[in-house]
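Visitor: Sharing a structure below in structure tokens format, with a few things to ask.
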């Protein structure tokens, strides 16, 4: 702010002026309060959970059956559900998103790119419950024609549809990374006799790799936190598996399942959603922080 | 490989067009094939989108009718309607806007106009961008504990709206800051030169000018919020509601929750209802996006009118 002279005139003098600035400051701090609230809520309830179920058991048990008579509280089935759907989603989103980004950044005419970018953004704006509907009623039956033994609820359909949803994020951030590559690098390659394709793959992509990795990590974070697509289409059977054809349950879908049910609040079974919520929050926090760090590093010095 | 010409011309920075002329994909098979794959990569998801929505529209057509919009849910799919969900979503959006606009705009004003650049301000900004990346179901857990239990608001409209406004807060703050930045500094300084203090300047000069931009951002955020299911389900919004909410503390349902409820049923007739609900939801979103775009063009015209 270089209005230093004007700031002398700005110093709040009237009482109403001071009151206003206090109120506005409180609004600014509400966002911090929200984060504190999230952490506090998750920690308090999760600690209540971990008082009864030791952390090592939570992290090592391979079964998740909190509602059955024989209770197991291992996170691995839910975690594997999340990982499976996320991997499938990224298998769709990363190649397609990267190709789309290369096209938009390197080949498309500016007018075409100006139209295509918002159109791709539409994919990100569709409500996830709508995607879930499509995954269950369109993608699964279609895949069942091709893949024998595909269950009605499975990780594959949910993963594919999630990939389509995440594609714009990967494409948009990768395109930013590609256009940030200095023209001098490209022109140097051309001057050495390189073709456009060769330049893209040997010069531009490696140079933009940090940005593309950041975009991928953000896409993963989004996939991990996705709830409705998997709640509708992937099933509600926690299962430690790598088979995309069977019903699985993700961490997010479990939270929804319990919230819809009639598990009484304050019980151990109900507290499981906070323990899972804490794991979810920590995972996405780490992923987002990583992606942010990478992008900040690029903005600072173009590190690759 | 072709040799570059002998003249060692220094290429100016903005010379990409000529360089491209050297490397036009003029018939090189590999390059052409790659381009085709790229176009396919973009076309495939878009094609999927068209197929999905076309399919949903076709499936929903028999059910879409005035009676669908004005009936209550029922165990018989043919008689089921979406009225409570429609009313619930409308009330939710109004309440959420009422809560999110003051707080979000206030925070944006604080960050843009009052806060001195420094570590604390950067902390707040980092915090806001972190919150934007938190999964929506976590906001539901926060709302469940703080609004439904601790503040004892119950599974009510107000609790749902409060949760949604927290979810939207980062977006509203970021778009309001953008809107505030479009007001030229010269206008502010002219106001100070005339003897106004900071709040008067904000109230009389800055805010009226950036209001359309702020509202555009809010409407776009609401267009996203109207489709949010996970946080509302987590705080306990009901999925089978056969009444209209009568006050801010009454239980409620919303469009995406009703769709979720119908999709979760095994009978295919309910899937038709879900498709119809989806069309209604998308229609509402289109309306809101259209409103936001209209506001934005009106804002642009207004700003251009001011520049003499």
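Chains as they are written, first to last, in my numbering: chain R, 18 to 321; chain V, 5 to 312.
The beta-carbon is built from N, C-alpha and C at its ideal position, and this holds for glycine as well.
Tell me the start and end of each unbroken alpha helix (DSSP H) in the segment 161-196 of chain R that is at least 4 residues and wholly inside, in chain order.
Guide: 172-196
Visitor: To the nearest angstrom, how far is it from the Cα of residue 158(V) to the Cα of residue 56(R)?
Guide: 22 Å
Visitor: Could you list which residues in chain R have their beta carbon closer than 9 Å to that of residue 175(V), in chain order?
Guide: By Cβ distance, chain R contributes nothing, its closest Cβ being about 12 Å from residue 175(V), past 9 Å.
Visitor: Residue 264(R) and residue 168(R) look like a contact to me (Cβ under 8 Å); what is the Cβ gap, rounded to whole Å?
Guide: 6 Å
Visitor: For residue 181(R) and residue 313(R), I'd like the C-alpha separation in whole angstroms.
Guide: Between residue 181(R) and residue 313(R), the C-alpha separation is close to 27 Å.
Visitor: Could you check the C-alpha separation between residue 98(R) and residue 134(V) for me, to the nearest Å?
Guide: 25 Å
Visitor: When burial is assigned at 16 or more other CB atoms within 10 Å of the CB, is residue 149(V) buried or exposed?
Guide: buried
Visitor: Please compile the residues from chain R whose C-beta is within a distance smaller than 8 Å of the C-beta of residue 277(V).
Guide: Going along chain R, no residue has its Cβ under 8 Å from residue 277(V), so there is no contact; the nearest lies around 11 Å.
Visitor: What is the DSSP secondary structure of residue 218(R), counted as helix, strand or coil?
Guide: When secondary structure is reduced to three states using DSSP, residue 218(R) falls in the helix class.
Visitor: DSSP three-state call for residue 90(R): helix, strand or coil?
Guide: strand
Visitor: Go ahead and label residue 194(V) buried or exposed: buried means 16 or more other beta carbons lie within 10 angstroms of its beta carbon, across all protein chains shown.
Guide: Result: exposed.
Visitor: Following the continuous alpha helix (DSSP H) through residue 254(R), name the residue where it begins and the one where it ends.
Guide: No alpha helix (DSSP H) holds residue 254(R); DSSP gives it neither H nor E.
Visitor: Using the beta-carbon count (16 or more within 10 Å), is residue 74(V) buried or exposed?
Guide: exposed
Visitor: Would you verify that the beta carbon of residue 209(V) is, or is not, closer than 8 Å to some beta carbon of chain R?
Guide: no
Visitor: Take residue 33(R) as the anchor and find which of 222(V), 284(V), 305(V), 204(V) has the nearest alpha-carbon.
Guide: 204(V)
Visitor: Can you name the residues of chain V whose CB is closer than 8 Å to the CB of residue 117(R)?
Guide: 42, 45, 46
Visitor: Measuring CB to CB, does residue 291(R) end up less than 8 Å from residue 145(V)?
Guide: yes
Visitor: Distance, Cα to Cα, residue 208(R) vs residue 42(V)?
Guide: 25 Å
Visitor: Is the CB-CB distance between residue 197(R) and residue 225(R) below 8 Å?
Guide: Result yes, Cβ atoms of residue 197(R) and residue 225(R) sit closer than 8 Å.
Visitor: In chain order, what residues of the same chain lie with their CB nearer than 7 Å to the CB of residue 281(R), ignoring the 5 residues before and after it?
Guide: The beta carbon of residue 281(R) sits closer than 7 Å to those of 287, all from its chain and outside the five residues before and after it, given in chain order.
Visitor: Can you give the Cα-Cα distance for residue 10(R) and residue 276(R), rounded to whole angstroms?
Guide: Residue 10(R) lies beyond the range of chain R shown here (18 to 321); nothing can be said about it.
Visitor: Apart from the five residues just before and just after residue 117(R), which ones in its own chain have a Cβ nearer than 6 Å to its Cβ?
Guide: 188
Visitor: Which partner residues does residue 81(R) have in the DSSP bridge list?
Guide: 90(R)
Visitor: Considering only residues of the same chain and omitting the five flanking positions on each side of residue 271(V), which have a CB-CB separation below 7 Å?
Guide: 81
Visitor: In angstroms, rounded to a whole number, what distance separates the CA positions of residue 218(V) and residue 183(V)?
Guide: The alpha-carbon atoms of residue 218(V) and residue 183(V) are separated by roughly 6 Å.
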